[in-house]
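**Student:** Starting off with a structure, shown below.
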Amino acid sequence: EPEVTQTPSHQVTQMGQEVILRCVPISNHLYFYWYRQILGQKVEFLVSFYNNEISEKSEIFDDQFSVERPDGSNFTLKIRSTKLEDSAMYFCASRLTSGVLNEQFFGPGTRLTVL
Amino acid sequence: DAKTTQPNSMESNEEEPVHLPCNHSTISGTDYIHWYRQLPSQGPEYVIHGLTSNVNNRMASLAIAEDRKSSTLILHRATLRDAAVYYCILKGSGGSNYKLTFGKGTLLTVNP
């Protein structure tokens with residue numbers, strides 16, 4: 056069964072460093088998402104991406120964040136200068152097409168720890 | 003998106019049915035009711051969705067009240083693997099992004 060994969064599973068970084076979180080969505084999917092979940096809190100939407108551009112972003116997704124689909128298979132989330140409060144689980148998700156009935160498939164997440 | 007209300011936690015015994023309620027009194031006529039769950043240390047996963055009629059799939063059943071102001075996710079025989087946080091989410095049919103807005107959900111504990 057096709058699945059969304061994410062690497063690395065755990066990333067430890069120093070405050071102020073740049074990190075890139077990688078995701079490989081399901082191959083024929085067209086819509087891509089990043090969510091994050093701070094420990095013990097709700098899953099929060101960060102950004103959605105379609106047709107090589109951001110279609111929606113939340114207030115959390117400020118200038119320190121960027122997304123890219125560099126090669127038609129990977130989908131990346133970059134945090135330019137990490138802060139302590141960026142420590143969280145980051146989930147990538149993908150969806151086949153538009154339409155409210157299409158489910159989102161989530162990856163297993165990357166745990167980001169900022170020291 | 004309209005708001006949903008779910009109990010913080012519920013407990014069940016293995017192999018017994020579980021009924022997880024969700025209230026959504028401000029649901030609009032075009033809102034679909036989606037359920038996702040999050041197993042420990044995993045990403046959320048889709049469970050089921052419906053609009054007006056009750057729905058069944060291999061994972062669960064969804065019972066929707068006639069006035070659509072509440073719904074119930076039914077796990078017919080809970081297993082230990084069903085221990086998770088269950089999220090009830092409303093999605094309108096307008097727009098295309100369909101980002102998911104998660105609440106706190108219901109933490110289901112399954113006792114052996």
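First to last, the protein sequences are chains A and B. Numbering follows our numbering, in which position 91 of the first sequence is assigned residue number 146; successive positions increment by one, without gaps. Numbering follows our numbering, in which position 66 of the second sequence is assigned residue number 68; successive positions increment by one, without gaps. Don't be surprised by glycine CBs; every beta carbon is placed ideally from N, CA and C.
So the candidates are A/S103, A/G164, A/R150 and A/H84; which of them puts its Cα closest to the Cα of A/V122?
**Tutor:** Here residue 122 of chain A refers to the residue found at position 67 of the first sequence. The shortest C-alpha separation from A/V122 is found at A/S103.
**Student:** Going by the DSSP bridge assignment, what does B/N58 pair with across the sheet?
**Tutor:** Taking the second sequence and counting its residues from 1, the one referred to as residue 58 of chain B is at position 56. Answer is B/S63, bridged to B/N58.
**Student:** Taking Cβ positions, are A/L54 and A/Q69 nearer each other than 9 Å?
**Tutor:** The structure shown does not extend to residue 54 of chain A, since chain A spans only 56 to 170, so no value can be given for it.
**Student:** Give me the Cα-Cα distance between B/L22 and A/R166, rounded to the nearest whole angstrom.
**Tutor:** Within the second sequence, the letter at position 20 stands for residue 22 of chain B. Within the first sequence, the letter at position 111 stands for residue 166 of chain A. Rounded to whole angstroms, B/L22 to A/R166 spans 29 Å at the Cα level.
**Student:** Based on Cα-Cα distance, which residue from B/E17, B/K106 and B/Y48 lies nearest to B/I35?
**Tutor:** By 1-based counting over the second sequence, the position of residue 35 of chain B is 33. Ranking B/E17, B/K106 and B/Y48 by Cα distance to B/I35 puts B/Y48 first.
**Student:** Are the beta-carbon atoms belonging to A/P57 and A/I81 less than 9 Å from one another?
**Tutor:** The sequence position of residue 57 of chain A within the first sequence is 2, counting from 1. The sequence position of residue 81 of chain A within the first sequence is 26, counting from 1. Yes, the pair counts as a contact, with Cβ atoms nearer than the cut-off.
**Student:** Is it buried or exposed for B/Q8, if we count other Cβ within 10 angstroms and need 16 for buried?
**Tutor:** Indexing the second sequence from 1 puts residue 8 of chain B at position 6. By the neighbour-count rule (16 or more Cβ atoms within 10 Å), B/Q8 is buried.
**Student:** So, B/Y88 versus B/L110, is the Cβ gap smaller than 9 Å?
**Tutor:** Translated into positions along the second sequence, residue 88 of chain B becomes position 86. Translated into positions along the second sequence, residue 110 of chain B becomes position 108. The answer is yes: Cβ separation under 9 Å.
**Student:** Alpha carbon to alpha carbon, how far is A/D141 from A/S64?
**Tutor:** Stepping through the first sequence from its first residue, residue 141 of chain A is reached at position 86. Stepping through the first sequence from its first residue, residue 64 of chain A is reached at position 9. Distance between the alpha carbons of A/D141 and A/S64: 16 Å.
**Student:** Need the endpoints of the beta strand (DSSP E) that B/H21 sits in, please.
**Tutor:** Counting from 1 along the second sequence, the entry for residue 21 of chain B is found at position 19. Counting along the chain, the beta strand (DSSP E) containing B/H21 begins and ends at V20 to N25.
**Student:** What separation, rounded to the nearest whole angstrom, lies between the Cα atoms of A/Y145 and A/W89?
**Tutor:** Walking along the first sequence from the start, residue 145 of chain A turns up at place 90. Walking along the first sequence from the start, residue 89 of chain A turns up at place 34. Rounded to whole angstroms, A/Y145 to A/W89 spans 7 Å at the Cα level.
**Student:** Strictly by DSSP, which residues pair up with A/F161?
**Tutor:** Taking the first sequence and counting its residues from 1, the one referred to as residue 161 of chain A is at position 106. Answer is A/A148, bridged to A/F161.
**Student:** Out of A/S128, A/E73 and A/V59, state which residue places its alpha-carbon closest to the alpha-carbon of A/T168.
**Tutor:** Reading the first sequence from its first residue, position 113 is the one you call residue 168 of chain A. Nearest of A/S128, A/E73 and A/V59 to A/T168, Cα basis: A/E73.
**Student:** Take A/G71 and list the residues in its own chain whose beta-carbon comes closer than 6 Å to its own, dropping the five residues that flank it on each side.
**Tutor:** For the purposes of this step, residue 71 of chain A is identified with residue 16 of the first sequence, where counting begins at 1. Taken in chain order, the residues that qualify are S136.
**Student:** Assuming A/L101 contacts A/F120 (C-beta within less than 8 Å), just tell me the rounded distance between them.
**Tutor:** The count along the first sequence starts at 1 and reaches residue 101 of chain A at position 46. The count along the first sequence starts at 1 and reaches residue 120 of chain A at position 65. Right, the Cβ-Cβ distance comes to about 7 Å (below 8 Å), so this counts as a contact.
**Student:** Going along chain B in order, which residues have a C-beta closer than 7 Å to the C-beta of A/G164?
**Tutor:** Indexing the first sequence from 1 puts residue 164 of chain A at position 109. In chain order: G45.
**Student:** When the cut-off is 9 Å and only beta carbons count, does B/T103 lie next to chain A?
**Tutor:** Position 101 of the second sequence holds residue 103 of chain B. For B/T103, the answer is yes, since a Cβ of chain A falls inside 9 Å of its Cβ.
**Student:** Name the two residues that bound the continuous beta strand (DSSP E) containing B/A86.
**Tutor:** Here residue 86 of chain B refers to the residue found at position 84 when the second sequence is read from its first residue. Element bounds for B/A86: A86 to K93.
**Student:** With DSSP as the reference, label B/R83 as helix, strand or coil.
**Tutor:** Here residue 83 of chain B refers to the residue found at position 81 when the second sequence is read from its first residue. In this structure, B/R83 counts as helix in the three-state DSSP scheme.
**Student:** According to DSSP, B/M12 sits in a beta bridge with which residue or residues?
**Tutor:** Stepping through the second sequence from its first residue, residue 12 of chain B is reached at position 10. B/L110.
**Student:** Given this structure, state the Cα-to-Cα distance separating A/T62 from A/C147, to the nearest angstrom.
**Tutor:** Residue numbering aside, residue 62 of chain A sits at position 7 when the first sequence is read from its first letter. Residue numbering aside, residue 147 of chain A sits at position 92 when the first sequence is read from its first letter. Computed Cα separation, rounded: 10 Å.
**Student:** Figure out for me which residue from B/C24, B/N10, B/N113 and B/G31 has the closest Cα to the Cα of B/R79.
**Tutor:** Locating residue 79 of chain B in the second sequence gives position 77, where the first residue counts as 1. Looking at the Cα atoms, B/N113 is the closest of the given residues.
**Student:** Is it buried or exposed for B/T28, if we count other Cβ within 10 angstroms and need 16 for buried?
**Tutor:** The residue given as residue 28 of chain B occupies position 26 in the second sequence. Flag for B/T28 reads exposed.
**Student:** Taking all protein chains shown into account, do 16 or more other C-beta atoms lie within 10 angstroms of the C-beta of B/I66, making it buried, or fewer, making it exposed?
**Tutor:** Here the question's residue 66 of chain B lines up with position 64 in the second sequence. Buried.
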